[in-house]
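Protein chains in written order, with my numbering: chain A, 1 to 501; chain B, 1 to 366. The beta carbon of each residue, even a glycine, is placed where N, CA and C say it ideally should be. Read through the structure below, which is laid out as structure tokens, and then see the notes.
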Amino acid sequence: MSLNFNTPDFEVIREESRCIQCKVCVHQCANTVHSYDEEDNVVCADDTKCVNCHRCVTLCPTKALIIRRHPLEFRENSNWCGKAIKEIYKQSQTGGVLLSSMGNPEPFTIYWDRILLNASQVTNPSIDPLREPMETKVMIGRKPEKLEFDSDGKLLTKMPPNIELKIPVMFSAMSYGSISRNAHESLARAAEELGIFYNTGEGGLNREFYKYGKNTIVQVASGRFGVHKEYLNTGAAIEIKIGQGAKPGIGGHLPGKKVGEDVSATRMIPVGSDAISPAPHHDIYSIEDLRQLIFSLKEVTGYKKPVFVKIAAVHNSAAIASGIVRAGADAIVVDGFRGGTGAAPTRIRNNVGIPIELALAAIDQRLREEGIRNYCSLIVAGSIRNSSDVVKAIALGADAVYIGSAAVIALGCHMCHSCSTGKCNWGIATQYPELVKRLNPDVMYKRLVNLISAWNHEIQELLGGMGINAIESLRGNRLMLRGVDLNEKELEILGIKYAGE
Amino acid sequence: MLREGELRIPSGCAISGIIDKKGKKFNGKEIIKSIALMHDRSNGLGGGFAAYGIYPNYKDFYALHIFYENLSIKAQTEDYIKKHFDIEKAESIPTRYTPNIINVPLIWRYFVHPRINVCLSEENFMDESEFTSRCVIKINTDYKGAYVFSSGKNMGTFKGVGYPEDIGEFFMLDTYEAHMWTAHGRFPTNTPGWWGGAHPFTILNWSVVHNGEISSYDANRRFVEMYGYKCTLKTDTEVITYLFDMLVRKHNLPIEKAIRVVSAPFWDDIDREKSEEVRSELKSIRAVYASALVNGPFSIILGFEKGMIALNDRIKLRSLVAAEKNNRTYVASEESAIKIICDNPEKVWSPKSGEAVIVLMEGEQE
């Protein structure tokens with residue numbers, strides 16, 4: 001074996017005067033960064049193993065630890081930066097595909113941050129959510145083109161199945177396997193308390209969680225892991241996963257070491273086997289095949305559940321979305337290139353797909369031009385970071401949003417981007433029992449409830465400021481948006497005016 | 001400076017409406033007196049009236065009222081009209097000199113009948129109202145300098161830049177008799193001064209006068225534009241008119257359901273409904289027509305062939321008062337504007353938020 005060229009990314013700084021050698025850090029770090037030297041009674045650190053997850057920093061009773069970027073620098077070079085060089089070292093050593101976790105971290109434009117919201121002044125009053133009703137409920141599902149009444153004013157039209165969201169935010173698909181059982185339980189219980197939905201991801205649903213079925217969206221992905229009739233009928237809605245923002249064009253990948261007894265039973269695969277979903281659905285090679293899958297799922301669930309179709313935001317999303325509506329989907333989910341993941345090839349994560357803001361604006365506009373926007377709900381995902389992102393997404397044309405990264409951050413994720421190692425010190429993206437138990441669902445589900453409740457208050461305040469008291473009046477209301485630092489083409493695609501116009 | 005239609009101009013306003021449900025006609029002087037009392041609610045940048053029942057001799061013809069900026073656009077537009085309609089009569093709308101009314105465009109009216117063969121050939125089949133509304137939208141979109149500001153049967157709109165009482169004087173409304181009048185005084189927060197921008201806004205027999213600024217404007221606009229409308233004026237009133245035309249004429253909703261759409265009950269109130277049937281109906285209305293909910297402060301008076309509807313927003317952010325005496329119903333932004341033309345009304349009330357005052361002509365059903 002040749003010399004290992006890798007150098008540490010982070011530096012562990014231990015203030016010796018504070019350290020009491022209690023060894024909490026040693027016990028807490030699943031990456032075995034910290035070790036105790038009995039002879040000298042000191043705690044040492046191996047910087048090369050550190051992923052900067054802050055577990056030790058947070059739990060250190062004397063606050064003796066600081067992790068920071070390693071000061072070691074390569075010679076300055078704008079082209080061959082440290083990251084580019086280190087990636088070559090890794091690949092030349094292993095011969096493998098580079099893997100990454102969480103969403104695209106590259107410095108592409110974040111359009112949310114270049115869009116500003118309106119507020120009422122003088123000509124119409126802002127509405128005070130503390131004193132007036134302020135509605136954030138939305139109905140997700142197919143809508144008929146119009147309602148018909150008989151001559152006595154009785155409604156004749158039968159409504160297709162819709163799900164009701166008290167708040168237009170849902171928890172994105174994260175499979176049991178990629179995240180822990182306790183993380184799943186926290187999401188399910190929070191969704192139930194909030195009157196929203198969480199998504200099983202592609203790993204099936206543990207039977208013990210069937211009781212949260214009315215707040216569950218069950219996913220059907222290309223691997224069909226854990227998909228059976230009972231599973232489909234347990235959820236409130238079904239989501240066909242065609243693609244994911246973090247890795248458009250390829251399927252999910254769960255390393256065998258994350259497949260223990262329970263995951264194996266839920267997924268219906270052998271213990272320890274890699275769960276690698278095919279890149280395409282092998283029964284969907286075009287849009288007409290998608291229609292057949294949508295209707296097979298409707299058949300099996302008695303036309304009682306809306307069927308969503310999730311795609312990654314790619315160049316031709318608008319036309320694809322139009323096809324999906326026409327194929328009979330009740331909702332389209334579009335996942336932008338910043339969407340998170342437990343594991344994705346780095347090259348794909350960082351270079352494939354387009355920003356959700358642009359995809360959303362283009363899809364909403366296209367569906368309107370075709371006169372079919374009202375048939376189908378539009379849900380977006382792919383890095384919604386806060387309530388103003390939610391509001392901007394809805395004003396651009398979304399019905400609701402999915403959050404994944406924000407939800408796991410609420411559960412303690414510190415964005416160390418190392419989910420694929422399976423050694424999540426926070427008990428989220430891991431299956432090791434000793435790590436999983438660190439995440440207490442009784443406590444952590446409450447953090448999710450807090451987060452979404454806080455966002456809801458903020459959404460209500462922003463809505464009230466705009467003089468709106470129902471969120472549907474914001475949907476597609478692009479006059480409420482103005483751009484800054486955007487060029488004309490970007491404004492055109494977003495369908496918004498420049499600030500001051 | 002950009003003209004109305006090229007940008008969106010919020011405005012506050014005064015509105016007033018009178019209907020005689022037995023169809024007895026009365027002179028335009030009354031409504032002028034009512035709207036004039038609320039002089040301070042307008043700022044001289046727009047006033048107008050809608051009158052129903054004024055053209056009994058031409059009641060089967062669409063009455064197109066058109067502003068022209070010059071003679072050449074008039075000639076072009078008339079070519080288009082001649083191609084699509086048989087013109088029974090064309091005339092300049094009579095006006096009288098009024099000192100405060102300036103920059104007057106050419107103002108014409110045409111009593112027309114759609115040419116059936118054109119109706120049939122252009123898009124396979126269309127009924128004459130759809131045909132007429134498409135032609136109106138076509139002129140307003142493509143004929144720059146021409147603007148059709150009224151297109152109903154046996155009704156007409158009269159509007160322009162100025163205080164409403166001056167506009168009434170200018171159009172000689174004291175020479176018209178109608179069974180229903182609505183009026184509008186405008187307070188735009190910008191000064192484009194374009195005649196087409198004044199209210200009422202109309203399409204076919206629908207007329208809308210409106211006080212308020214709707215904060216759901218772009219959601220509503222993008223919704224109706226999916227169904228073939230084109231919002232050329234970018235005003236709240238225009239979009240409300242199209243919403244009603246779409247809901248009632250195209251989607252065949254009963255009028256009280258259309259009201260539930262634009263001024264929808266709150267979800268909490270829906271949940272409190274005892275009857276499962278009512279609950280599921282209201283839910284369906286909110287789900288299917290979510291984008292047609294009109295949000296933000298408004299009070300509006302809608303006129304149509306069957307009668308008059310006055311409506312407030314869901315939390316009554318704009319004033320609206322109603323009164324009744326004998327066969328007449330009055331609605332206005334202020335009670336004083338009713339009292340000045342109606343001594344001792346039998347009943348005066350402030351309609352609740354989201355609750356419509358619906359007055360239908362006798363013999364009409366909702």
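Proximal chain B residues relative to residue i, where beta-carbon distance stays under 8 Å
| i | result |
| --- | --- |
| Cys476 (chain A) | Contrary to the premise, residue 476 (chain A) reads as Gly rather than Cys in this sequence. Correct list: Asp218, Ala219, Arg222, Phe223 and Ser291. |
| Leu147 (chain A) | His251, Leu253, Lys257, Ser284, Ile285, Val288 and Tyr289 |
| Ile468 (chain A) | Ser215, Ser216, Asn295 and Gly296 |
| Arg368 (chain A) | Arg222, Glu225 and Met226 |
When the options are compared against residue i, the one with the closest alpha-carbon
| i | options | result |
| --- | --- | --- |
| Val72 (chain A) | A:Leu59, A:Leu65, A:Lys86 and A:Asn79 | Strictly speaking, residue 72 (chain A) in this sequence is Leu, with Val absent from that position. With distances taken between Cα atoms, Leu72 (chain A) lies closest to A:Lys86. |
| Glu128 (chain B) | B:Ile93, B:His113 and B:Asp142 | B:His113 |
| Thr48 (chain A) | A:Ile179, A:Phe197 and A:Arg68 | A:Arg68 |
| Asn89 (chain B) | B:Ile116, B:Tyr55 and B:Val104 | The sequence as given places Lys at residue 89 (chain B); Asn does not occur at that position. It is B:Tyr55 whose Cα lies nearest to the Cα of Lys89 (chain B). |
| Ile315 (chain B) | A:Asp128, A:Thr109 and A:Lys298 | A:Asp128 |
| Phe131 (chain B) | B:Gly160, B:Ser353, B:Tyr229 and B:Leu106 | B:Tyr229 |
| Asn118 (chain A) | A:Asp485, A:Asn440, A:Ser388 and A:Leu439 | A:Ser388 |
| Ser100 (chain A) | A:Arg75, A:Gly272, A:Ile348 and A:Asn233 | A:Ile348 |
| Arg326 (chain A) | A:Ile287, A:Gly302, A:Ile276 and A:Met466 | A:Ile287 |
| Arg186 (chain B) | B:Tyr176, B:Asp166, B:Gly53 and B:Pro105 | B:Asp166 |
| Met268 (chain A) | A:Ala321, A:Cys44 and A:Gly203 | A:Gly203 |
| Ser17 (chain A) | A:Asn386, A:Ala470, A:Thr62 and A:Ile284 | A:Thr62 |
| Leu3 (chain A) | A:Tyr89, A:His315 and A:Val390 | A:Tyr89 |
| Gly476 (chain A) | A:Ile496, A:Arg338 and A:Arg385 | A:Ile496 |
| Pro345 (chain A) | A:Val436, A:Ala395, A:Ser418 and A:His184 | A:Ser418 |
| Gly195 (chain A) | A:Val138, A:Glu230, A:Met174 and A:Leu155 | A:Val138 |
| Met226 (chain B) | A:His228, A:Gln219, A:Arg368 and A:Ala221 | A:Arg368 |
| Ile452 (chain A) | A:Ala237, A:Pro278, A:Asp46 and A:Phe171 | A:Phe171 |
| Phe197 (chain A) | A:Ile493, A:Val449, A:Ile276 and A:Arg114 | A:Val449 |
| Ile116 (chain B) | B:Trp194, B:Ser16, B:Met126 and B:Leu302 | B:Met126 |
Amino acids of chain A, ordered along the chain, whose beta-carbon sits closer than 8 Å to that of residue i
| i | result |
| --- | --- |
| Asp271 (chain B) | The premise fails here: Asp271 (chain B) is roughly 10 Å from chain A at the closest Cβ pair, so nothing lies under 8 Å. |
| Gly212 (chain B) | Asn124 |
Under 9 Å by beta carbon: chain B residues contacting residue i
| i | result |
| --- | --- |
| Leu187 (chain A) | By Cβ distance, chain B contributes nothing, its closest Cβ being about 25 Å from Leu187 (chain A), past 9 Å. |
| Met159 (chain A) | Ser280, Lys283, Ser284, Ala287 and Val288 |
| Asn505 (chain A) | Residue 505 (chain A) cannot be examined here, being either before or after the span of chain A that is shown, 1 to 501. |
| Leu462 (chain A) | By Cβ distance, chain B contributes nothing, its closest Cβ being about 12 Å from Leu462 (chain A), past 9 Å. |
Chain-ordered chain B contacts of residue i [CB-CB under 7 Å]
| i | result |
| --- | --- |
| Lys143 (chain A) | Ala287 and Val288 |
| Glu106 (chain A) | Residues of chain B passing the Cβ test: none, with the nearest at roughly 33 Å. |
| Ser473 (chain A) | Ser215, Ser216, Ala219, Leu293 and Asn295 |
| Arg373 (chain A) | Met226 |
| Arg482 (chain A) | Within 7 Å Cβ-Cβ: nothing; Arg482 (chain A) doesn't reach chain B, min ~12 Å. |
| Met170 (chain A) | Within chain B, no residue comes near Met170 (chain A); the closest Cβ sits about 17 Å away, beyond 7 Å. |
| Asn316 (chain A) | None at all; the shortest Cβ gap to chain B is about 22 Å. |
| Asn514 (chain A) | Since the first and last residues shown for chain A are 1 and 501, residue 514 (chain A) lies out of range. |
| Asn162 (chain A) | Ala287 |
| Leu378 (chain A) | Under the 7 Å cutoff, chain B gives no residues; its nearest Cβ is about 12 Å from Leu378 (chain A). |
Partner residues on chain A for residue i, Cβ-Cβ distance less than 7 Å
| i | result |
| --- | --- |
| Trp267 (chain B) | Glu135 and Lys137 |
| Glu281 (chain B) | Leu155 |
Within chain A, the residues that residue i reaches when beta carbons sit closer than 9 Å
| i | result |
| --- | --- |
| Arg314 (chain B) | Pro133, Asn469 and Ala470 |
| Gly317 (chain B) | A small fix is needed here, since residue 317 (chain B) is Leu in this sequence, not Gly. Residues of chain A passing the Cβ test: Asn124, Pro125, Ile127 and Gly467. |
Three or more C-beta pairs below 8 Å linking the stretch 144-151 of chain B and the stretch 56-72 of chain B: yes
Complete beta strand (DSSP E) runs within the stretch 359-402 of chain A (minimum length 3 residues, chain order): Here the runs fully enclosed are 377-381.
Start-end ranges of the beta strand (DSSP E) lying completely within the stretch 249-337 of chain A, minimum 3 residues: 307-312 and 331-335
Chain B contacts made by the stretch 109-125 of chain A, where a contact means CB separation under 9 Å: Asn118, Ser120, Val122, Thr123, Asn124 and Pro125
Validate contact between the stretch 207-227 of chain B and the stretch 286-293 of chain B using beta carbons, cut 8 Å, 3 pairs: yes
Where the stretch 265-286 of chain A meets chain B: residues whose CB sits under 9 Å from a CB there: none
At least 3 beta-carbon pairs within less than 8 Å: the stretch 324-336 of chain B vs the stretch 36-56 of chain B: yes
Segment contact, 8 Å Cβ cut-off, at least three pairs: the stretch 302-322 of chain B with the stretch 346-353 of chain B: Yes: at least three Cβ pairs fall under 8 Å.
In chain order, each beta strand (DSSP E) run of at least 3 residues that lies wholly inside the stretch 41-92 of chain A: 42-45 and 65-69
Unbroken stretches of the beta strand (DSSP E), 3 residues or longer, contained in the stretch 171-232 of chain A: 216-220
Contact the stretch 248-265 of chain A vs the stretch 422-440 of chain A: 3+ CB pairs below 8 Å: yes
Three or more C-beta pairs below 8 Å linking the stretch 140-150 of chain A and the stretch 249-264 of chain B: yes
Runs of alpha helix (DSSP H) wholly within the stretch 273-314 of chain B (minimum 4 residues, chain order): 276-288
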